[in-house]
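Counting from 252, one number per residue, gives the positions in the sequence shown under this note's numbering. First the structure, in the form of structure tokens, and then the observations on it.
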Amino acid sequence: MMSGDFSRITARIAEKFKRRFYGRTFNCPVCHFELAVVDAGSNRLLVCPVCGVVIDIEEVYGHAVPVVLEVELYRPQPKMRIHPLATHVPIGLYPFAVLGAVLLAAGSLARPFFPAIEPLLDSAPVVADATLVLLVLSVGLSVLTFASGLWDWNRRYRRRSYRQIRLKIAFSVLFLALGGVAIALHASGAAFSAGTGLIDLGSTMSVTLAVLELALLAAGMVVIATLGHVGGTLVYGK
Ligand SMILES: [Zn+2]
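Here you go:
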């Protein structure tokens with residue numbers, strides 16, 4: 252149930268990015284996948300990435316009317332869809348890295364008010380290390396996910412221009428950048444102290460950097476959820 256709520260929220264966020272990014276859209280007459288008019292190019296032809304029909308876009312009184320011409324028969328079909336499988340590794344690990352940082356922040360803030368949690372905070376350095384390992388794994392392995400996605404685009408979609416894929420490439424670069432800075436911050440020990448694993452509330456620098464790290468992690472969460480959502484539409488259609 253919670254994952255259902257989560258996917259509904261991410262779908263709504265992704266929808267916002269899509270509107271800006273895709274411009275005018277229409278639905279594939281065969282599979283109803285949402286396609287961007289700009290991807291048709293100057294010959295007004297577009298191959299649906301989901302069902303493979305070749306669509307001619309007629310402009311009728313300012314409306315984009317799709318007409319199905321034929322079906323692309325010789326479509327490279329990889330035996331193993333490595334990219335959709337590979338995405339699950341970073342998407343599966345990243346939220347736990349975010350959870351680790353959130354727990355550390357919550358512990359740091361609660362410490363002055365609840366002395367009883369002090370024994371729990373002994374494990375904060377372990378949580379801080381685990382958070383770093385999870386971050387490095389999820390962001391590091393997302394490089395492979397990104398590479399396999401480019402490979403799919405190259406072979407299966409023949410490097411054709413699709414707004415969906417452009418959005419995914421842009422967001423993948425963004426995720427790597429956000430993740431890279433978050434890893435550097437976390438590893439530096441300047442946000443979450445290298446010794447205690449907690450935020451040093453007495454230091455403005457430590458507090459500021461911890462807030463920055465949490466903001467980067469949260470932004471990464473939105474970016475990775477959008478990537479998953481748009482990727483899902485390319486696999487399962489609408
Ligand atoms: Zn289609």
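For each residue, glycine too, the CB sits at the ideal point set by N, CA and C. Keep in mind it's a predicted model, so treat the numbers as computed, not measured.
Proximal residues to residue i (C-beta, below 6 angstroms), its chain only, five neighbours per side dropped
i, result
"Tyr487", "none"
"Thr484", "none"
"Asp451", "Ser444 and Ser457"
"Arg407", "Pro327"
"Met252", "Only weak support is given to the placement of Met252: the predicted model assigns it a pLDDT of 44, under 50, and the value that follows is read from those uncertain coordinates. Here the set comprises nothing."
"His283", "Lys489"
Pair within 7 angstroms by beta-carbon distance, residue i and residue j
i, j, result
"Val349", "Leu468", "yes"
"Tyr413", "Asp307", "no"
"Val298", "Val305", "yes"
"Leu385", "Phe347", "yes"
"His334", "Asp403", "yes"
"Val322", "Gly303", "yes"
Nonlocal neighbours in the same chain, by C-beta distance under 7 angstroms from residue i, ignoring five residues either side
i, result
"Leu354", "Val378"
"Gly479", "Thr338 and Ile342"
"Ala470", "Leu429"
"Phe272", "Arg414 and Leu418"
"Glu285", "Thr276, Asn278 and Lys489"
"Gly274", "Ala287, Val288 and Val289"
"Ala381", "Gly351"
"Ala356", "Ile450, Ala461 and Leu465"
"Glu309", "Val316 and Val318"
"Val432", "Leu467"
"Ser399", "Ile333, His334 and Ala337"
Whole-number beta carbon distance between residue j and residue i, since they are thought to touch under 8 angstroms
i, j, result
"Leu418", "Phe277", "The pair is not a contact, with the Cβ atoms about 17 angstroms apart (cut-off 8 angstroms)."
"Ala476", "Thr261", "4 angstroms"
"Leu233", "Leu436", "The chain is shown only over 252 to 489; residue 233 falls outside these bounds and no answer can be derived."
"Ser359", "Leu465", "That pair is no contact at about 11 angstroms."
"Ala390", "Ile434", "A small correction: the amino acid at residue 390 is Val; Ala does not occupy that position in the sequence shown. At roughly 6 angstroms, the Cβ-Cβ gap stays under 8 angstroms, so Val390 and Ile434 are in contact."
"Gln415", "Val316", "With 8 angstroms as the limit, Gln415 and Val316 do not qualify as a contact, their Cβ atoms being about 21 angstroms apart."
"Leu388", "Leu344", "6 angstroms"
"Ala447", "Pro376", "Checking the displayed sequence, the identity of residue 447 turns out to be Thr instead of Ala. With a Cβ gap of about 7 angstroms, Thr447 and Pro376 count as contacting."
"Val319", "Val281", "6 angstroms"
"Ala438", "Leu460", "The pair is not a contact, with the Cβ atoms about 12 angstroms apart (cut-off 8 angstroms)."
"Val394", "Leu427", "7 angstroms"
"Ser423", "Phe397", "5 angstroms"
Same chain, Cβ closer than 8 angstroms to residue i, five either side skipped, listed in chain order
i, result
"Pro366", "none"
"Pro363", "Leu452"
"Ile368", "Gly358, Ala361 and Arg362"
"Ala265", "Ala476, Thr477, His480 and Val481"
Check your reading: residues with Cβ closer than 5 angstroms to ligand 1 heavy atoms: Around ligand 1, the residues whose beta-carbon falls short of 5 angstroms from at least one of its heavy atoms are Cys279, Val281, Cys282, Phe284, Cys299, Val301 and Cys302, given in chain order.
Contained alpha helix (DSSP H) runs [length at least 4] in the region 262–318, N- to C-terminal order: List check, alpha helix (DSSP H) in window: nothing returned.
Segments assigned beta strand (DSSP E), at least 3 residues, entirely inside the region 340–377: The qualifying runs do not exist here; there are none.
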